[in-house]
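Per my numbering, the sequence shown starts with residue 669, numbered consecutively.
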Amino acid sequence: MELAVIGLGNMGGPMAANLVAAGHTVHGFDVTDIAREKAAAAGVQLHDSAADAAREARIVVTMLPNGSLVRSVLAECAPECTPGTLFVDSSTIGVGEAKDNHQYLAAAGHRYIDAPVSGGVTGAAAGTLAFMVGGAADDLADAACALDIMGRSTTHCGPVGAGAAAKLCNNMILGIQQIAIAEGLTLGERLGLDPQAFFDVVSNSTGACWALTTNCPAPGVLGTAPSDNDYTPGFATNLIVKDLGLAMDEVAATGTRAQLGALAAEIYRHLADSGAGAKDFSVIYDTLRSA
Numbered sequence: 669m670e671l672a673v674i675g676l677g678n679m680g681g682p683m684a685a686n687l688v689a690a691g692h693t694v695h696g697f698d699v700t701d702i703a704r705e706k707a708a709a710a711g712v713q714l715h716d717s718a719a720d721a722a723r724e725a726r727i728v729v730t731m732l733p734n735g736s737l738v739r740s741v742l743a744e745c746a747p748e749c750t751p752g753t754l755f756v757d758s759s760t761i762g763v764g765e766a767k768d769n770h771q772y773l774a775a776a777g778h779r780y781i782d783a784p785v786s787g788g789v790t791g792a793a794a795g796t797l798a799f800m801v802g803g804a805a806d807d808l809a810d811a812a813c814a815l816d817i818m819g820r821s822t823t824h825c826g827p828v829g830a831g832a833a834a835k836l837c838n839n840m841i842l843g844i845q846q847i848a849i850a851e852g853l854t855l856g857e858r859l860g861l862d863p864q865a866f867f868d869v870v871s872n873s874t875g876a877c878w879a880l881t882t883n884c885p886a887p888g889v890l891g892t893a894p895s896d897n898d899y900t901p902g903f904a905t906n907l908i909v910k911d912l913g914l915a916m917d918e919v920a921a922t923g924t925r926a927q928l929g930a931l932a933a934e935i936y937r938h939l940a941d942s943g944a945g946a947k948d949f950s951v952i953y954d955t956l957r958s959a
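In structure tokens, the structure reads:
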């Protein structure tokens with residue numbers, strides 16, 4: 669099948685590579701040279717624009733940093749694509765943005781589902797992402813040939829926008845958990861507890877979570893976490909700031925009390941402002957230790 673992936677970075681690149689490995693013809697586009705080089709080495713057929721990459725594809729996957737870029741790419745691609753093309757947006761964007769994208773593409777004769785993911789770069793590389801999908805059941809069924817290769821679970825959350833809603837809730841929880849793990853580690857160390865011992869206990873106790881077992885912020889514990897590579901992301905602080913900002917927009921719009929979510933958003937904003945925006949968001953541990 670002819671597929672396209674627009675956005676070949678830390679997440680989109682491995683996702684495209686897995687589609688190629690499964691035997692699909694994958695057309696791709698990214699604005700950065702390093703992403704293009706890695707994708708080409710994985711067998712992705714590169715193009716000079718998003719529209720060129722999407723033109724012959726039956727399914728177009730977008731994995732981009734923000735909603736404005738997503739809308740710009742959709743506006744570029746929609747006029748060039750065959751009517752009925754299915755757009756699968758795996759970016760983390762606002763609920764309203766997802767609904768607007770659906771309306772725009774429907775008016776252009778195309779289909780759209782919001783299908784953000786959880787699992788990070790490790791899951792993208794391993795093909796074990798969790799997809800949370802908003803959209804029509806028929807469109808999800810047609811996207812399964814791609815989603816099943818890139819991930820190990822797909823949940824139909826509801827109509828368009830429901831996938832985006834699930835992702836914002838998940839990432840609000842994640843942001844809070846990563847801070848909690850960093851605080852626990854820091855307290856443990858100051859009480860004389862070795863980080864490895866902390867990990868061994870908590871990863872087998874009720875405090876276990878992805879923020880510890882996969883993304884442990886203490887260097888030297890896992891050996892495979894961003895903290896073991898000078899906090900190379902992973903999931904950059906700037907992105908959690910963006911995602912928590914979107915979550916707080918929905919909190920305000922719905923009148924929801926989310927005090928910990930709001931505090932996490934503030935903490936990560938300060939972390940990004942301090943110069944750590946390009947580091948993995950688990951670098952909050954390094955900041956807490958030096959406080």
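Glycine is no exception: its CB is placed at the ideal position from the N, C-alpha and C atoms. Because the structure is a prediction, the values reported are computed rather than measured.
Beta-carbon gap between residue i and residue j smaller than 8 Å
i: G802; j: V785; result: no
i: A886; j: Y936; result: no
i: P894; j: A792; result: no
i: V763; j: A833; result: yes
i: A809; j: F799; result: no
i: F755; j: L732; result: no
i: K835; j: T760; result: yes
i: L912; j: M818; result: no
i: A672; j: G696; result: yes
i: A879; j: V870; result: no
Residue i - partner residues in DSSP beta bridges
i: G802; result: D782 and G826
i: L714; result: G696
i: T790; result: None, per the DSSP bridge assignment.
i: T730; result: I674 and D757
i: L961; result: Limits of the chain in this structure are 669 at one end and 959 at the other, which puts residue 961 out of reach.
i: L797; result: G819
i: D701; result: For D701, which the question treats as bridged, DSSP gives no partner whatsoever.
Pairwise C-alpha distance: residue j and residue i
i: E705; j: A904; result: 21 Å
i: I674; j: D862; result: 43 Å
i: G843; j: H778; result: 35 Å
i: A707; j: D701; result: 10 Å
i: N883; j: S950; result: 7 Å
i: M679; j: V729; result: 12 Å
i: V624; j: G902; result: As displayed, the chain neither begins before 669 nor continues past 959, which places residue 624 out of reach and without an answer.
i: G888; j: C813; result: 38 Å
i: N686; j: D716; result: 22 Å
i: V699; j: L676; result: 9 Å
i: T892; j: S758; result: 25 Å
i: V688; j: T753; result: 19 Å
i: N872; j: T693; result: 43 Å
i: Q713; j: D896; result: 33 Å
i: A940; j: T900; result: 14 Å
i: H770; j: D806; result: 15 Å
i: D726; j: F866; result: Checking the sequence shown, residue 726 turns out to be Arg, not Asp. Straight-line Cα distance between these residues: approximately 49 Å.
i: D868; j: G945; result: 29 Å
i: A926; j: M669; result: 44 Å
Simplified DSSP assignment, three categories, for residue i
i: E724; result: coil
i: A672; result: strand
i: V756; result: strand
i: G819; result: strand
i: H695; result: strand
i: L939; result: helix
i: L890; result: coil
i: D810; result: helix
i: A848; result: helix
i: A876; result: coil
i: A904; result: strand
i: D948; result: strand
i: D868; result: helix
Within-8 Å CB hit, residue i to chain C
i: I952; result: This model lacks chain C altogether; it includes just one protein chain.
Checklist entry - Touch check for the segment 721-729 and the segment 745-753: three-plus C-beta pairs under 8 Å? => result Touching, yes.
Checklist entry - If we count Cβ pairs, one from each stretch, closer than 8 Å, do we get three or more for the segment 816-828 versus the segment 849-865? => result With a cut-off of 8 Å, the segment 849-865 and the segment 816-828 do not count as touching, because too few Cβ pairs lie within range.
Next on the checklist: Across the segment 844-853 and the segment 926-933, are there enough close Cβ pairs to call them in contact, namely three or more that are closer than 8 Å?
Outcome noted: With a cut-off of 8 Å, the segment 926-933 and the segment 844-853 count as touching, because enough Cβ pairs lie within range.
Next on the checklist: With three or more C-beta pairs closer than 8 Å as the rule, is the segment 756-774 touching the segment 732-739?
Outcome noted: Counting Cβ pairs under 8 Å, three or more are found: they touch.
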